[in-house]
DNA sequence: CCAATAATTCAACGACTAATGAATTAAAGG
DNA sequence: CCTTTAATTCATTAGTCGTTGAATTATTGG
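Chains as they are written, first to last, in this note's numbering: chain A, 1 to 204; chain B, 205 to 408.
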């Protein structure tokens, strides 16, 4: 029989903190920020709502804790970039990118995107992600002789954000079912172009 | 002195219905669906919350009324497409597209995107927009001999959704300040490629 | 002018929200 | 063993939410 929930500390050493974070991440990822309530997260984690406040403070704080990402460009990306110069960088980037989004951090990323796009006060999180990941990655590819990184990064971002929306949020078919290689083949060249095209006339 | 608000019908013939729609559109556009309450919309429109229910029913109904868009590809797009064949279609599409998003419907469009991306139950609205606008447009460009419209439309969508996110939601600079011609020049060729590249190997 | 109808507000309900502070139970340290 | 500290729930507060039904005021049609 199921023991009724009692007051006070539990026996054993359950990692409730982690369970809360997991529940929050999952729910933020597929419902966004506003629709998810502390109470529902608590319920999902099998915990009293006040415990969440005890550990994380406000709902905003919980969100930030749940989506906390390594802000430096992911090691996968860095590694993949070393494998060559500007030539073919687009394809290599796509492979690394899709690997990340299909990997274990996908719910954090989804949560960030969903929330940033709907709650302006939180859009700084996505902007930060853009700054710390896309811009820095483009800088890496272009090397020291940085030539209009900002514009190029902007255009690369359009292609990448769009892929996120179409493939991971809306799940358009057949796009959502394509493999890494097919995406790299198709979108890689677009990114290559944004990295190498002349852009002086765009930056007057 | 400001006349205190009284019960009952107002004098004159103020188009309150329209004012409510305008307020709702604007607020949904820059705050998304969940964050905006009926009460705040009512306040913004200078009206009692129950009047909104009287006119539109539920909040969902109000949202749909507020973002109601002509579902057929906009006339601008159709017109622009007649001007030529597949060659240069990308650039022409971008010009038409940016014209629409910089035009008077921008708040409706923003509202749809923000809401669809954060509230899964509403994402059908964006999907419908994709179906009725992007897919049909791609069909128009490709003509009768429709050759893998679905995949091509998917890739075109990635580039377009990404532009929306980067330029109109996140307002990345300098992207957000670029003119139509510069966007057409830069992104047009990407779309051209998605329209003309071989795709048989993607559709096995 | 009077009746019908349309526009509008008022007052309230029940449900849900984030948050707080105090009480309870267990584990850890000396 | 006893004290401290950490983990957890309970009870509550003050607010907001969407929605409803009745009351009030103006316009419109006969």
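Every residue gets a Cβ at the ideal spot worked out from N, C-alpha and C, and that includes glycine.
The model shown is predicted, which means the values in this text are computed figures rather than measured ones.
Nearest chain A C-beta to residue i closer than 7 Å, yes or no?
{"i": "residue 363 of chain B", "result": "yes"}
{"i": "residue 318 of chain B", "result": "yes"}
{"i": "residue 400 of chain B", "result": "no"}
{"i": "residue 379 of chain B", "result": "yes"}
Under a CB-based cut-off of 7 Å, is residue i close to chain B?
{"i": "residue 68 of chain A", "result": "no"}
{"i": "residue 151 of chain A", "result": "yes"}
{"i": "residue 181 of chain A", "result": "no"}
{"i": "residue 32 of chain A", "result": "yes"}
{"i": "residue 117 of chain A", "result": "yes"}
{"i": "residue 202 of chain A", "result": "yes"}
{"i": "residue 35 of chain A", "result": "yes"}
{"i": "residue 137 of chain A", "result": "no"}
{"i": "residue 109 of chain A", "result": "no"}
Excluding the five sequence neighbours on either side, which residues of its own chain have a C-beta within less than 7 Å of the C-beta of residue i, listed in chain order?
{"i": "residue 315 of chain B", "result": "229, 232, 233, 270, 271"}
{"i": "residue 183 of chain A", "result": "94, 98"}
{"i": "residue 400 of chain B", "result": "290"}
{"i": "residue 168 of chain A", "result": "101, 110"}
{"i": "residue 251 of chain B", "result": "220, 224"}
{"i": "residue 353 of chain B", "result": "339, 342, 343, 346"}
{"i": "residue 10 of chain A", "result": "none"}
{"i": "residue 157 of chain A", "result": "130, 134"}
Beta-carbon within less than 8 Å of residue i's beta-carbon, same chain only, minus the 5 sequence neighbours each way: which residues are those?
{"i": "residue 242 of chain B", "result": "253, 256, 257, 263, 266"}
{"i": "residue 187 of chain A", "result": "90, 94, 159, 163"}
{"i": "residue 17 of chain A", "result": "55"}
{"i": "residue 393 of chain B", "result": "294, 295"}
{"i": "residue 312 of chain B", "result": "229, 233, 270, 271, 272, 273"}
{"i": "residue 88 of chain A", "result": "188, 192"}
{"i": "residue 104 of chain A", "result": "none"}
{"i": "residue 359 of chain B", "result": "398"}
{"i": "residue 288 of chain B", "result": "296"}
{"i": "residue 151 of chain A", "result": "199, 202, 203"}
Just to confirm my understanding: we take residue i, look at its own chain, exclude 5 residues before and 5 after, and list those with CB closer than 6 Å. What are they?
{"i": "residue 23 of chain A", "result": "41, 44, 45"}
{"i": "residue 370 of chain B", "result": "376, 379"}
{"i": "residue 357 of chain B", "result": "338, 339, 342"}
{"i": "residue 323 of chain B", "result": "237"}
{"i": "residue 384 of chain B", "result": "299, 302"}
{"i": "residue 129 of chain A", "result": "none"}
Chain A contacts made by the segment 364-377 of chain B, where a contact means CB separation under 7 Å: Residues 364, 365, 366, 367, 369, 370, 373, 374, 376.
Cβ-based contacts, 7 Å cut-off: residues of the segment 213-230 of chain B near chain A: Answer in chain order: no residues at all.
Residues in the segment 326-341 of chain B having any Cβ partner in chain A nearer than 9 Å: Answer in chain order: 327, 330, 331, 334.
Contact set between the segment 248-272 of chain B and chain A, restricted to residues whose Cβ is under 8 Å from the partner: Here the close residues number zero.
Sequence ranges, alpha helix (DSSP H) only - wholly within the segment 55-127 of chain A, length at least 4: Taken in chain order, the whole alpha helix (DSSP H) runs of length 4 or more contained in the segment 55-127 of chain A are 59-67, 75-82, 89-101, 106-118.
Length-filtered (4 minimum) alpha helix (DSSP H) runs lying within the segment 7-59 of chain A: Fully enclosed alpha helix (DSSP H) runs of 4 or longer: 16-31, 38-45, 49-56.
Any beta strand (DSSP E) of 3 or more consecutive residues that is wholly inside the segment 350-387 of chain B: List check, beta strand (DSSP E) in window: nothing returned.
Members of the segment 83-97 of chain A near chain B, C-beta cut-off 8 Å: Of all residues in the segment 83-97 of chain A, none has a Cβ within less than 8 Å of some Cβ in chain B.
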